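Peer 1:
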Amino acid sequence: MKKRSGYAKLLSMVGSLVLVAALTAGCGSSSSNNQSEASADQGKDGAQTGQVQEIKVGYVNLIAAAPAIVAKEKKLLDKQGLKAEFFSFKNGPDLYKALSSGKLDIAYAGMPAAVNWGSRGAEFTIIAKVDQGKNGLFTKETSGITQVADLKGKKLGNLVKGSGVDYLIRAVLLPEGQLNDQSVTLVQMETPNMETAITNGTIDAAVAGEPFLTFAELRGLKVVQELPDPAFVVLGSNAFLKEQPEAVKKFIQGHIASIDDLNHNVNENAEALAKAFNVPEIKGTDKTYTPTEVITQALKRNKFEYKFSDEDLKYYQEVADNSLTIKSIEKQLDVSTIIDTTWVK
Numbered sequence: 005m006k007k008r009s010g011y012a013k014l015l016s017m018v019g020s021l022v023l024v025a026a027l028t029a030g031c032g033s034s035s036s037n038n039q040s041e042a043s044a045d046q047g048k049d050g051a052q053t054g055q056v057q058e059i060k061v062g063y064v065n066l067i068a069a070a071p072a073i074v075a076k077e078k079k080l081l082d083k084q085g086l087k088a089e090f091f092s093f094k095n096g097p098d099l100y101k102a103l104s105s106g107k108l109d110i111a112y113a114g115m116p117a118a119v120n121w122g123s124r125g126a127e128f129t130i131i132a133k134v135d136q137g138k139n140g141l142f143t144k145e146t147s148g149i150t151q152v153a154d155l156k157g158k159k160l161g162n163l164v165k166g167s168g169v170d171y172l173i174r175a176v177l178l179p180e181g182q183l184n185d186q187s188v189t190l191v192q193m194e195t196p197n198m199e200t201a202i203t204n205g206t207i208d209a210a211v212a213g214e215p216f217l218t219f220a221e222l223r224g225l226k227v228v229q230e231l232p233d234p235a236f237v238v239l240g241s242n243a244f245l246k247e248q249p250e251a252v253k254k255f256i257q258g259h260i261a262s263i264d265d266l267n268h269n270v271n272e273n274a275e276a277l278a279k280a281f282n283v284p285e286i287k288g289t290d291k292t293y294t295p296t297e298v299i300t301q302a303l304k305r306n307k308f309e310y311k312f313s314d315e316d317l318k319y320y321q322e323v324a325d326n327s328l329t330i331k332s333i334e335k336q337l338d339v340s341t342i343i344d345t346t347w348v349k
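Residue numbers are given in our numbering: position 259 of the sequence shown equals residue 263, and the series is strictly consecutive.
What follows is the structure, given as C-alpha cells:
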C-alpha cells in the first residue's frame, strides 16, 4: 500500500507539472500573438507608445536649412522618440526627386522648387515654415557692376533651372534691370564654385545664399544687391503624412525645438554649423575670421520661424505666379492646394 501511495503521489506531481507547462506555453503563445498584433498596428500608423519610429529627412545644404542641421547635430528628433536619418542635397530639384520617389519622408527646401514640382502633381504637402532671409548678387570690386542693369552681356553664375537661385535671377533680379535671360549668359554651376569662378574670371557675377555669400564678402568680393531668400519650407510626402501622423507630430515638435534653440543659442549653434559646412578660417580684408565668426555673420541674413503668416502665404502665391511668367511651370498653381497650415497651429 505504501508503494502504491508513493506512486500515486508521483503521478499527481507529474500531472501538475504538465498542467503548469501547458498553461505557461499557452501564455507564451498569447504574448507572442499580442506582440505581432502590436507590430502590425505600429506598421499601420506608427502610433504605439514606446516604439521608435524611423524618419528620413532631406535638406538643401544652405544656412536656410540650419534647423535641419541643428536637429541632426543635437539629436532633437531622437529626443522626440524618432530614429532620424538625414541626407544633404546640393540643390532643391535633386532633393525633390528623392522626395517624390519615396526616398525621403520630410524635406527642407525652397518654395520655387516646391511650386515647380507641385504644379506637376507631386505627392507632397508643405507643413511648416523654416526661414526668411537674404541671398545676394556678388562680384569683384573691379568688375564695373554696380547695379542690375550692368549685368547686360555679362556671364552670371546660376544654379540648376528650377532652383531658388534660378527663380531669383529670372523672376526678380533681371526684370528689375529691364533684362531677361537672353540679356545675359547664365552659367550653371554649384554654389561653392561661384566665388572661385568670379575670382578667376570664368564668370562676372553670381547669385548665392548663405553661408557662401558671406564667404565671398569676407574675402573681398562685393555684394551689389541683396535679394529675398526664396522661402525655405518643410514638406512631407503625402504617404508619410497619411500613414504616420504621430511621427509627423513628433517631427514638428523637433522642428520647433530646433528653431527655438537656433534663435536662443546663436554662438553655440554657429560652432556646430561651422563644422557641418566644413568652414575654414577666412583671411578677410581686415582680420582673420574663425569658422564660428563666419557663420555668426552669415546667420545675420536669416530669420527662422515655424509658423506661417498671411504675408508668407501671399508671397508663396507670388512665387507661383512669377514662376508661370518665366515659364518654370506650365500652368497656374494655387499654392493653397499644396500647403496645410494645421500642423503648426
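Ideal Cβ placement from N, Cα and C applies to all residues, glycine included. None of these values were measured; they are calculated from a predicted model.
Can you give me the C-alpha to C-alpha distance between valine 298 and glycine 148, rounded to a whole angstrom?
Peer 2: The straight-line gap from Cα to Cα measures roughly 27 Å.
Peer 1: Pick helix, strand or coil for proline 232, following the three-state DSSP scheme.
Peer 2: Looking at proline 232 - three-state DSSP - the assignment turns out to be strand.
Peer 1: On the DSSP letters alone, give me the boundaries of the beta strand (DSSP E) that valine 114 sits inside.
Peer 2: It is glycine, not valine, that sits at residue 114 in the sequence shown. From DSSP, the beta strand (DSSP E) with glycine 114 extends over 110–114.
Peer 1: Which residue from Asp98, Phe236, Val237, Gly137 puts its Cα closest to that of leucine 163?
Peer 2: Here the closest residue by C-alpha is Asp98.
Peer 1: So glutamate 285 and lysine 133 are in contact, right, with Cβ under 8 Å, and what is the actual spacing, rounded?
Peer 2: Not confirmed; about 33 Å, so no contact.
Peer 1: Report, in whole angstroms, the separation of the C-beta atoms of alanine 220 and phenylalanine 142, which I expect to be a contact under 8 Å.
Peer 2: Contact holds; Cβ gap of about 5 Å.
Peer 1: In this structure, does DSSP put threonine 28 in helix, strand or coil?
Peer 2: Model confidence at threonine 28 stands at a pLDDT of 38, short of 50, so the residue's coordinates are unreliable; what they give is reported in the following sentence. The answer is helix: DSSP assigns threonine 28 an H, G or I state.
Peer 1: Please report how far the alpha carbon of tryptophan 121 lies from the alpha carbon of tyrosine 100, in whole angstroms.
Peer 2: Between tryptophan 121 and tyrosine 100, the C-alpha separation is close to 7 Å.
Peer 1: Based on Cα-Cα distance, which residue from Thr346, Tyr319, Val348 lies nearest to aspartate 338?
Peer 2: Among Thr346, Tyr319, Val348, the Cα nearest to that of aspartate 338 belongs to Tyr319.
Peer 1: Excluding sequence positions up to five away, which residues of its chain have a Cβ less than 8 Å from the Cβ of asparagine 38?
Peer 2: Unreliable positioning characterises asparagine 38 in this predicted model, as indicated by a pLDDT of 36, which lies under 50. A coordinate reading is not provided.
Peer 1: So lysine 159 packs on aspartate 208, CB below 8 Å; how close in whole Å?
Peer 2: 5 Å between Cβ atoms; contact.
Peer 1: Would you call the stretch 256–265 in contact with the stretch 81–90, where contact means no fewer than 3 C-beta pairs closer than 8 Å?
Peer 2: The stretch 256–265, when compared against the stretch 81–90, does touch it at the 8 Å Cβ threshold.
Peer 1: Check whether the stretch 173–189 and the stretch 197–205 are in contact - that is, three or more C-beta pairs closer than 8 Å.
Peer 2: As far as the Cβ criterion goes, the stretch 173–189 does not touch the stretch 197–205, which means the pair count is below three.
Peer 1: When you compare the CB positions of alanine 302 and glutamate 77, do they come within less than 8 Å of one another, or not?
Peer 2: Not a contact, by the Cβ cut-off of 8 Å.
Peer 1: Measuring only the C-alpha atoms, how far is asparagine 326 from glycine 140?
Peer 2: Each residue's alpha carbon lies about 19 Å from the other.
Peer 1: Does the beta-carbon distance from serine 262 to alanine 69 come in below 8 Å?
Peer 2: Against a cut-off of 8 Å, the Cβ pair of alanine 69 and serine 262 comes out as no contact.
Peer 1: CB-CB under 6 Å to alanine 324, same chain, minus the five flanking residues each way: which ones, in chain order?
Peer 2: Excluding positions up to five away in sequence, the list reads Val119, Leu337, Val339.
Peer 1: Rounded to whole angstroms, how far is the Cβ of leucine 103 from the Cβ of leucine 172, which I believe are closer than 8 Å?
Peer 2: Actually they do not touch by this definition, with Cβ atoms about 22 Å apart.
Peer 1: Where does asparagine 184 sit, in a helix, a strand or coil, going by DSSP?
Peer 2: Looking at asparagine 184 - three-state DSSP - the assignment turns out to be coil, as it is neither helix nor strand.
Peer 1: From aspartate 316 to glutamate 127, what distance separates their C-alpha atoms?
Peer 2: Cα-Cα distance, rounded: 22 Å.
Peer 1: Would you kindly report the start and end of the unbroken alpha helix (DSSP H) that includes threonine 189?
Peer 2: It is not in any alpha helix (DSSP H) - threonine 189 instead sits in the beta strand (DSSP E) that spans 189–192.
Peer 1: When you compare the CB positions of lysine 307 and glycine 96, do they come within less than 8 Å of one another, or not?
Peer 2: No, they are not a contact pair.
Peer 1: Going by the CB atoms, is the gap between alanine 235 and glycine 114 shorter than 8 Å?
Peer 2: Going by C-beta atoms, glycine 114 is nearer than 8 Å to alanine 235.
Peer 1: Do you know offhand how far isoleucine 343's Cα is from serine 313's?
Peer 2: Taking the straight line from one Cα to the other gives about 13 Å.
Peer 1: Where do the N-terminal and C-terminal ends of the alpha helix (DSSP H) with serine 296 fall, by residue?
Peer 2: The sequence given here has threonine at residue 296, not serine. Where threonine 296 is concerned, the enclosing alpha helix (DSSP H) stretches over 295–303.
Peer 1: By the three-class DSSP mapping on this structure, what secondary structure does glutamine 257 have?
Peer 2: DSSP places glutamine 257 in helix when its eight states are reduced to three.
Peer 1: Suppose the cutoff is 7 Å on Cβ atoms and the five residues either side in sequence are ignored; what does the same chain contact list for asparagine 267 look like?
Peer 2: Correct list, in chain order: Phe308.
Peer 1: Is it buried or exposed, glycine 168, if we count other Cβ atoms within 10 angstroms and call 16 or more buried?
Peer 2: Buried.
Peer 1: What three-state label does DSSP hand tyrosine 320 in the structure shown?
Peer 2: Tyrosine 320: helix per DSSP, three-state reduction.
Peer 1: Is glutamate 275 helix, strand or coil when you go by DSSP?
Peer 2: DSSP places glutamate 275 in helix when its eight states are reduced to three.
Peer 1: Comparing alpha-carbon positions, which option in Gly166, Leu80, Gly62, Asp135 lies nearest serine 332?
Peer 2: Among Gly166, Leu80, Gly62, Asp135, the Cα nearest to that of serine 332 is on Gly166.
Peer 1: Glutamate 180 and arginine 305: beta carbons closer than 8 Å?
Peer 2: No, these two residues do not count as a Cβ contact at 8 Å.
Peer 1: Kindly indicate which three-state DSSP category alanine 4 falls into: helix, strand or coil?
Peer 2: Lying before the first or after the last residue shown, residue 4 is absent from the chain, which here runs from 5 to 349.
Peer 1: Measure from the alpha carbon of glutamate 334 to the alpha carbon of each residue in Glu89, Tyr63, Gly125, then state which is nearest.
Peer 2: It is Gly125.
Peer 1: Excluding the 5 residues flanking arginine 174 on each side, which residues of the same chain have their C-beta closer than 7 Å to its C-beta?
Peer 2: Cβ neighbours of arginine 174 beyond the five flanking positions: Asp185, Ile330.
Peer 1: Rank Gln151, Gln57, Lys144, Leu245 by C-alpha distance to the C-alpha of isoleucine 130 and give the top, closest one.
Peer 2: The shortest Cα separation from isoleucine 130 among Gln151, Gln57, Lys144, Leu245 belongs to Leu245.
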